[in-house]
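Below is one structure, written out as structure tokens, with a few remarks after it.
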Amino acid sequence: MAISVAFGVLFGTIILLLYFPSLIMYFNDIRRARWWLWNGGELPPTKMEVEPFTKLRNRRNEISE
Numbered sequence: 025m026a027i028s029v030a031f032g033v034l035f036g037t038i039i040l041l042l043y044f045p046s047l048i049m050y051f052n053d054i055r056r057a058r059w060w061l062w063n064g065g066e067l068p069p070t071k072m073e074v075e076p077f078t079k080l081r082n083r084r085n086e087i088s089e
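Going by our numbering, 69 is the number at position 45 of the sequence shown; the sequence numbering is gapless.
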């Protein structure tokens, strides 16, 4: 039983530390490519501008001003 728990923790750690961040970066690149195609080849936004948290923070700053 302890071995299966240990391997489950190891598997979860690998997923969270390696797979999940690379998946987030992949989808951010897809967002940038989609924006570039949609807007006819204009410069795409930076990697930070497509982050959902950055968008939310900018909206909150605009509302509070």
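Virtual Cβ for every residue (Gly too), placed ideally from N, Cα, C.
- Per DSSP, reduced to three states, the secondary structure at G64 is coil, with no helix or strand assignment.
- With contacts defined by Cβ atoms closer than 8 Å, R56 and V29 do not form a contacting pair.
- Remark: C-beta atoms of W59 and P69 approach each other more closely than 8 Å.
- DSSP places K71 outside both helix and strand once states are collapsed to three, so it counts as coil.
- Under the three-state reduction of DSSP output, M49 falls in the helix class.
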